[in-house]
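Undergrad:
There are 2 protein chains.
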Amino acid sequence: MTERLFRDELRVVNVGLDVFADSIDASGGAVQRTDWQPPAGGDKQIGAALASLVNLPDVKQANARAFAAYLDAQPVLEGIGTARDDIPGMGERMILHAGPPVAWERMCGPMQGAVTGAILLEGWAEDPEGARALAAGGGFVFEPNHHHACVGPMAGVTSPSMPVWIVRDSEHGHTTYCNLNEGLGKVLRMGAYDPAVLERLRWMERVLAPTLKTALEKREELPLKPLMAQALHMGDEVHNRNVAASSLLLRALLPALLKTGAPQARIAETVRFITGNDHFFLNLSMAACKAMLDAAHGVPGSSMVTAMARNGVEFGIRVSGTGDAWFTTPAPRVQGLFFTGYSVDDAAPDLGDSAITETAGIGGFAMAASPAIVKFVGGSAADALGATAEMRHITLGSNPAWTLPVLDFQGTPAGIDVRKCVDTGIAPVINTGIAHREAGIGQIGAGVTRAPLACMEQAITALARQLREDGRLTTRQGVLS
Amino acid sequence: MTERLFRDELRVVNVGLDVFADSIDASGGAVQRTDWQPPAGGDKQIGAALASLVNLPDVKQANARAFAAYLDAQPVLEGIGTARDDIPGMGERMILHAGPPVAWERMCGPMQGAVTGAILLEGWAEDPEGARALAAGGGFVFEPNHHHACVGPMAGVTSPSMPVWIVRDSEHGHTTYCNLNEGLGKVLRMGAYDPAVLERLRWMERVLAPTLKTALEKREELPLKPLMAQALHMGDEVHNRNVAASSLLLRALLPALLKTGAPQARIAETVRFITGNDHFFLNLSMAACKAMLDAAHGVPGSSMVTAMARNGVEFGIRVSGTGDAWFTTPAPRVQGLFFTGYSVDDAAPDLGDSAITETAGIGGFAMAASPAIVKFVGGSAADALGATAEMRHITLGSNPAWTLPVLDFQGTPAGIDVRKCVDTGIAPVINTGIAHREAGIGQIGAGVTRAPLACMEQAITALARQLREDGRLTTRQGVLS
């Protein structure tokens, strides 16, 4: 063997430090470099936590339970309500926002803009200056949507009078909520609050929501998983591309819409708004994903991610086995495709609860379903296939309810395992819109980003500590100081 | 060189007869077999015709003209009319059918069934026996749809009172026609004619067509190429999968539909029919393709196929440079996926004008757009990609108006060249429905088939003869007895 090593031409695969590869290169040997790095950059404590959890039967069983609950969930569109009346724990002077908790003074520009708009919409202030002064003066309670079974795209601002989709997991019984999508461009969720933005929101409250509400009362509850499955067969990844899902939703609601007895002009306005907004389904997709992941949340010992969300300052995740804790790190900027006249320098950091879709196995995880999305978020068709393939390394399984035709109907990779993320160094991929960093401007692009692994590293450490405290992890199994 | 041949291990690529490969195999050599065969099975006359045309500048120029006209065509949905009033040359006792000409007594079961149904629908007979007796007695003129700027799926039977889509090529001015799609299963175009089938056709004439007609009058003409382009980005190949295109059509017509002033119940019926029929767009796709190919038809010297059509007995093609001539051969059976209880033994031979979609570069040619179709017609996602790739060998170019996201937005292969088909031995791929061979039963499956190369061989010979007669092909260039 040794003899052969010296006789044959030297061919080396280098794992780790580049200096070894460099020396082989220098002496004329063939070397294949890998981009492997030790988990968590070699951090001892995280490494130990990971080692203690990797093969722990308790974690395996907990993940199996959490993942099964996610798979069993059957989100159905129950109806439309208002934040005030329907969202649990919603207070009268409460404003919900995207991502982990953040105080007014730390909020990014577009979130402050959206809050300003919501305050004007509610009639709590006369003008933007007054609105900002009220917010800064402690006039409102700010809480994350996720603390109220709710989600919201981008700034995710939800104020009491806003209409909300009500989605129920008919398998487990809990409900989730999301406001209604306004369209693209200058919209509240991107931080814009000029009169046209507020007028659109008022019209949605006055015409769109009641018309849809009546239609929903005229028909059976609409199962959302099959509709999303069909959209995946029609080129949507159901996060940043919702053109098929929006059409399918309209198709599903139309017969009931035409039975409402509402004036034809009102129905026509409603239809025109939906047909003019290819992102209309997004908010419903998010509520459905939230319902599926809430089903998987709170299983002691599970390392499955049940939420990824950004407030424009911090990126945060929640994990099934660690309850309500957020694991946060500064939100990254999104490198993407920018509208003419804008660049990454104008962009707010990553923002919104919409990464709930990736958490549930669609969006960036289902890029293979949606090669056409590369026109919106950048990249090539091969990148789209590659993203889905890569996500299989960090997920607990695949979702047979959501199949990908181009991969011969394999299910989407789903159930992000924080252990696998830290172990492989592969971060979850996320498709996202990009808002201008200043309040009042709106969307300036879209792109692909990654969830920061620092969140997963914190989660690993917290989960290991908790299991040790619960006596389910002995010192022999994991060395944690 | 010779020395090396004997010293090195023998590795052979065998082109042609297998016996050479067999002998190398037998003596332990490595041999890679190809499936190459001489063009036209080695037929001398066809080979000579092909040789004379392959590099002829006149043919090249004619094809460039024909292909440019195809690309320039802009089919728009102009409105809805009736066969009697709108189809040019339609006679009062005339019945149009799919494919090349065929007399009543030679028609396949489903076509006789559809004719029987049309006779009952028109009130020309009281019962099926009476209808058949009238047809057999010479009571009607039977002509191909294609002789009247018209197309029809499967049996393609078009009788005077039927509503028809009117499509106009706004670039070149000509119009094309197709009847309206009835849905799947027991339908006239598949040869069924029971009372439910006729009642549906009467409802389409009484409610669907007038409602849509009024809506179309309330809006601008609808450009069909962009709509089909979007459908290709949404998983349709716009022949056997039209779920996206049908939704997009409904979306496009809805605002106008709601402005018709028609009773809400009538609009609701219309909407319910369209949302319940994922194939609704097929007939419009066919009329659009026919319009694009009619633009390319009649260019002297062009070897571009402008129609492929089947009457259930014969498969026929028309070629731009050979005018109204049909080149026909017996229609093949379709190997496909059959509904429970049926097999290929129950199937009628290949049937319908719908291969006009493949002729225009979609359907089987755009399989890469539609991996989900393999659930309907059989095969794998790789087969779908492979079909599109293979068709590039027999086409004049690609259509930049119809791009395929998964192939990084390459255009669909389009403009079938009979020379390339015969030269490569690659036959055009066609996605198709399958009708029961007996009248009155309907659809029993769907599958993928190939256009018979015998049609292309005849076309080659005819085109070469014609060019010689026109003095554009000298004896030196082509040896034809």
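These protein sequences, in sequence, are chains U and C.
Here our numbering is used: position 440 in the first sequence is 440, and no number is missing along the way.
Here our numbering is used: position 311 in the second sequence is 311, and no number is missing along the way.
We treat Cβ as the ideally placed atom computed from N, Cα and C, and that holds for glycine.
#1: Give, in chain order, every residue of the segment 263 to 296 of chain C whose Cβ lies closer than 7 angstroms to some Cβ of chain U.
#2: Whole angstroms are fine: how far does the CA of R468/C sit from the CA of P226/C?
#3: One question on the structure: do A262/U and L216/U come within less than 9 angstroms of each other, judged by their Cβ atoms?
#4: Which residues, in order along the segment 211 to 235 of chain U, keep a beta-carbon less than 7 angstroms from a beta-carbon of chain C?
#5: Specify the secondary structure class of T211/U as computed by DSSP and reduced to three states.
#6: Rounded to a whole number of angstroms, what is the C-alpha to C-alpha distance between A136/U and P405/U?
#7: Determine, using beta carbons only, whether R106/U comes closer than 9 angstroms to chain C.
#8: I'd like to know whether the C-beta of R392/U is nearer than 9 angstroms to at least one C-beta of chain C.
#9: Under 9 angstroms between C-beta atoms, does S535/U make it to chain C?
#10: Counting only beta-carbon atoms, is V243/C nearer than 9 angstroms to chain U?
#11: With C-beta atoms as the reference, is G352/U less than 9 angstroms away from R310/U?
#12: Quick one: complete beta strand (DSSP E) runs, 3+ long, within the segment 181 to 209 of chain U?
#13: Under a CB-based cut-off of 9 angstroms, is A464/C close to chain U?
#14: Mind listing which residues of the segment 401 to 416 of chain U have their C-beta closer than 8 angstroms to chain C's C-betas, in chain order?
#15: Just confirm the distance between the C-beta atoms of V238/C and S285/C, as a whole number of angstroms; I'd bet it's less than 8 angstroms.
#16: Rounded to a whole number of angstroms, what is the C-alpha to C-alpha distance between G316/C and T461/C?
#17: Could you check what DSSP says for T388/C in three-state terms: helix, strand or coil?
#18: Got a sec: which bits of the segment 353 to 386 of chain U sit with their beta carbon under 7 angstroms from any beta carbon on chain C, in order along the chain?
#19: Pull the bridge partners of L404/U from the DSSP assignment, please.
#20: When you compare the CB positions of H233/U and V157/U, do they come within less than 9 angstroms of one another, or not?
#21: Between C178/C and V151/C, is the Cβ-Cβ spacing less than 9 angstroms?
#22: Under 7 angstroms Cβ-Cβ, which residues of chain U neighbour L254/C?
#23: Count the other C-beta atoms from every protein chain shown that fall within 10 angstroms of the C-beta of Q61/U, then say buried if there are 16 or more, exposed otherwise.
#24: Which stretch, first to last residue, makes up the beta strand (DSSP E) that contains R272/U?
#25: What first and last residue would you give for the alpha helix (DSSP H) that runs through I356/C?
#26: Are there 16 or more other CB atoms within 10 angstroms of the CB of G113/C, so buried, or fewer, so exposed?
#27: Taking V374/C as part of the beta strand (DSSP E), name the residues at either end of that continuous run.
#28: Would V164/U and T82/U qualify as a contact pair, given that the criterion is a beta-carbon distance under 9 angstroms?
#29: I want to verify the contact list: residues of chain C whose CB lies under 9 angstroms from the CB of S247/U, in sequence order.
#30: Among residues of its own chain, excluding the 5 on either side of T270/C, which ones have a beta-carbon nearer than 6 angstroms to its beta-carbon?
#31: At which residue ranges does the segment 316 to 372 of chain U contain complete alpha helix (DSSP H) runs of 4 or more residues, listed in the order of the chain?
#32: Per DSSP, A30/C forms a beta bridge with which residues?
#33: Sort N55/U, T412/U, K186/U and V377/U by Cα distance to T388/U and report the nearest one.
#34: So, is Q458/U buried or exposed, given that buried needs 16 or more other C-beta atoms within 10 angstroms?
#35: Indicate the three-state DSSP secondary structure (helix, strand or coil) for P428/U in the structure shown.
#36: Output yes if chain C places a C-beta closer than 9 angstroms to the C-beta of L208/U; else output no.
TA: Reading it off the structure:
#1: Within the segment 263 to 296 of chain C, the residues whose Cβ lies closer than 7 angstroms to some Cβ of chain U are Q264, I267, A268, V271, R272 and T275, listed in chain order.
#2: On the second sequence, position 226 is the one that residue 226/C refers to. On the second sequence, position 468 is the one that residue 468/C refers to. Our two residues, P226/C and R468/C, have alpha carbons roughly 41 angstroms apart in a direct line.
#3: As a first step, residue 262/U is located in the first sequence; it is residue number 262 there, counting from the start. As a first step, residue 216/U is located in the first sequence; it is residue number 216 there, counting from the start. For A262/U and L216/U, no; Cβs fall outside 9 angstroms.
#4: Flagged, chain order: H233, M234 and G235.
#5: As a working note, residue 211/U is residue 211 in the first sequence. For T211/U, the secondary structure class from DSSP, reduced to helix, strand or coil, is helix.
#6: Here the question's residue 136/U lines up with position 136 in the first sequence. Here the question's residue 405/U lines up with position 405 in the first sequence. Taking the straight line from one Cα to the other gives about 51 angstroms.
#7: Here residue 106/U refers to the residue found at position 106 when the first sequence is read from its first residue. Chain C contact via Cβ: absent.
#8: Translated into the one-based positions of the first sequence, residue 392/U becomes position 392. Not a single C-beta of chain C is nearer than 9 angstroms to the C-beta of R392/U.
#9: Missing from the structure shown is residue 535/U; chain U here goes from 1 to 481 and no further.
#10: Reading the second sequence from its first residue, position 243 is the one you call residue 243/C. Yes, V243/C counts as interfacial toward chain U.
#11: Counting from one through the first sequence, the residue named residue 352/U turns up at place 352. Counting from one through the first sequence, the residue named residue 310/U turns up at place 310. Pairing G352/U with R310/U gives a Cβ-Cβ distance under 9 angstroms.
#12: Whole beta strand (DSSP E) segments, 3+ residues: zero.
#13: Within the second sequence, the letter at position 464 stands for residue 464/C. Under the Cβ distance rule, A464/C does not count among the residues neighbouring chain U, no pair being separated by less than 9 angstroms.
#14: Within the segment 401 to 416 of chain U, the residues whose Cβ lies closer than 8 angstroms to some Cβ of chain C are P405, V406, L407, D408 and F409, listed in chain order.
#15: Sequence index remark: in the second sequence, residue 238/C carries index 238 (1-based). Sequence index remark: in the second sequence, residue 285/C carries index 285 (1-based). V238/C to S285/C, Cβ: 5 angstroms. Contact.
#16: For the purposes of this step, residue 316/C is taken as the residue at position 316 of the second sequence. For the purposes of this step, residue 461/C is taken as the residue at position 461 of the second sequence. C-alpha of G316/C to C-alpha of T461/C: approximately 15 angstroms in a straight line.
#17: Here the question's residue 388/C lines up with position 388 in the second sequence. The three-state reading of DSSP puts T388/C in helix, counting H, G and I together.
#18: Within the segment 353 to 386 of chain U, the qualifying residues are P371, A372, S380 and A381.
#19: The residue labelled residue 404/U in the question sits at position 404 within the first sequence. In the DSSP output, where bridge partners are listed per residue, L404/U has Q410/U.
#20: Indexing the first sequence from 1 puts residue 233/U at position 233. Indexing the first sequence from 1 puts residue 157/U at position 157. Going by C-beta atoms, H233/U is not nearer than 9 angstroms to V157/U.
#21: For the purposes of this step, residue 178/C is identified with residue 178 of the second sequence, where counting begins at 1. For the purposes of this step, residue 151/C is identified with residue 151 of the second sequence, where counting begins at 1. Contact: yes.
#22: Looking up residue 254/C in the second sequence gives position 254. Per Cβ cutoff of 7 angstroms: V271 and T275.
#23: Locating residue 61/U in the first sequence gives position 61, where the first residue counts as 1. Around the beta-carbon of Q61/U, fewer than 16 other beta-carbon atoms lie within 10 Å, marking it exposed.
#24: For the purposes of this step, residue 272/U is taken as residue 272 along the first sequence, with counting starting at 1. DSSP places R272/U in no beta strand (DSSP E) but in the uninterrupted alpha helix (DSSP H) bounded by Q264 to T275.
#25: Indexing the second sequence from 1 puts residue 356/C at position 356. Segment I356 to T359, the alpha helix (DSSP H) holding I356/C.
#26: Residue 113/C sits at position 113 when you count from the first residue of the second sequence. It counts as buried.
#27: For the purposes of this step, residue 374/C is taken as residue 374 along the second sequence, with counting starting at 1. Where V374/C is concerned, there is no enclosing beta strand (DSSP E), although the alpha helix (DSSP H) it sits in stretches over V374 to V377.
#28: Within the first sequence, numbered from 1, the residue matching residue 164/U stands at position 164. Within the first sequence, numbered from 1, the residue matching residue 82/U stands at position 82. Cβ distance < 9 angstroms, so V164/U and T82/U count as in contact.
#29: Taking the first residue of the first sequence as position 1, residue 247/U is located at position 247. By Cβ distance, chain C contributes M234, A244, S247, L248, L250 and R251.
#30: Mapped onto the second sequence, residue 270/C falls at position 270. Here the set comprises L208 and T211.
#31: Qualifying alpha helix (DSSP H) stretches, in chain order: 356 to 359.
#32: Numbered from its first residue, the second sequence carries residue 30/C at position 30. In the DSSP output, where bridge partners are listed per residue, A30/C has R11/C.
#33: Your numbering for residue 388/U matches position 388 in the first sequence. The option with the nearest alpha carbon to T388/U is T412/U.
#34: For the purposes of this step, residue 458/U is taken as residue 458 along the first sequence, with counting starting at 1. Label assigned to Q458/U: buried.
#35: The sequence position of residue 428/U within the first sequence is 428, counting from 1. If DSSP states are grouped into helix, strand and coil, P428/U belongs with coil.
#36: By 1-based counting over the first sequence, the position of residue 208/U is 208. So, not an interface residue.
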